[in-house]
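*Asks:*
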Amino acid sequence: NGGSMITLTYAGSVRVMPNYNVMGVAKAGLEASVRYLANDYGPQGIRVNAISAGPVRTLAGAGISDARYMFSYQQRNAPLRRNVTLEEIGGSALYLLSNLSGGVTGEIHYVDSGYHIVSMPTLDELKRTDASRD
26 NGGSMITLTY AGSVRVMPNY NVMGVAKAGL EASVRYLAND YGPQGIRVNA
76 ISAGPVRTLA GAGISDARYM FSYQQRNAPL RRNVTLEEIG GSALYLLSNL
126 SGGVTGEIHY VDSGYHIVSM PTLDELKRTD ASRD
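Just so we're aligned, residue 26 is where the sequence shown starts under my numbering, counting upward by one.
(1) Ends of the alpha helix (DSSP H) at Y135?
(2) So, under 8 Å CB-CB, T147 and N102 are touching, yes? Tell me the CB distance rounded to an integer number of Å.
(3) Buried or exposed, going by whether 16 or more other CB atoms sit within 10 Å of the CB of I142?
(4) Look at the alpha carbon of Y98 and the alpha carbon of N108, and state the distance between them as a whole number of angstroms.
(5) Comparing alpha-carbon positions, which option in P68, G115 and R153 lies nearest V136?
(6) For the alpha helix (DSSP H) that S97 lies in, which residues bound it at each end?
(7) Do the CB positions of L33 and I76 come within less than 8 Å of each other?
(8) Under the three-state reduction of DSSP, which class applies to L105: helix, strand or coil?
(9) Measure from the C-beta of Y120 to each C-beta in chain C and report whether the shortest distance is under 8 Å.
(10) Assuming G131 contacts L105 under a Cβ cut-off of 8 Å, what Cβ separation, rounded to an integer in Å, is found between them?
(11) Using the Cα positions of D65 and T154, report the straight-line distance between them to the nearest angstrom.
(12) Note down, in chain order, each residue of its chain lying with its Cβ closer than 6 Å to the Cβ of A92, except the 5 sequence neighbours on either side.
(13) Shortest alpha-carbon distance to L84 belongs to which of S117, M145 and L111?
(14) Does the Cβ-Cβ distance between R82 and S29 come in under 8 Å?
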């Protein structure tokens with residue numbers, strides 16, 4: 026009895042992201058599965074959580090067309106004004122797998138410099154976008 030499971034998801038599960046399409050649906054299903062599995066396995070002391078990481082510069086990420094624009098946009102608009110690192114995502118995984126998070130289950134843990142809390146770019150960014158349309 027006891028233990029912890031984690032999986033990786035992405036903000037495209039709850040927000041529309043360019044070119045993410047059916048992956049968004051798949052990630053939404055994965056996040057629902059995290060909640061159901063947490064409920065089903067909780068009585069055995071098994072915790073189930075997910076990490077929703079922001080875009081990271083990796084070999085796999087380099088395969089996404091125009092990925093550099095995604096990185097730049099997130100960096101400009103996330104509250105911390107930066108992208109996350111693999112080390113930060115790994116640190117969150119260590120926390121979720123350790124006893125430090127013993128009371129945490131069924132959660133989506135965001136590691137994205139706060140980007141998931143922002144609903145639109147800064148007003149300056151919006152003004153620049155509107156000015157370029159005139």
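Glycine included, each C-beta is placed from N, C-alpha and C at the ideal position. Keep in mind that this is a model prediction, so the values were computed, not measured.
*Replies:* Well, looking at it:
(1) From DSSP, Y135 is part of no alpha helix (DSSP H) but of the beta strand (DSSP E) over I133 to V136.
(2) About 7 Å separates the two Cβ atoms, so the contact holds.
(3) Looking at its Cβ environment, which holds fewer than 16 other Cβ atoms inside 10 Å, I142 is exposed.
(4) Answer to the nearest angstrom: the Cα atoms are 10 Å apart.
(5) Closest by alpha carbon: G115.
(6) Counting along the chain, the alpha helix (DSSP H) containing S97 begins and ends at A92 to N102.
(7) Their beta carbons are under 8 Å apart, which means L33 touches I76 by this criterion.
(8) Note: L105 maps to coil in three-state DSSP.
(9) The chain inventory of the structure shown lacks chain C, comprising one protein chain alone.
(10) Not confirmed; about 26 Å, so no contact.
(11) The alpha-carbon of D65 is positioned some 47 Å away from that of T154.
(12) So the list reads G86, once near-sequence residues are dropped.
(13) The option with the nearest alpha carbon to L84 is L111.
(14) S29 sits away from R82, with the two beta carbons spaced by 8 Å or more.
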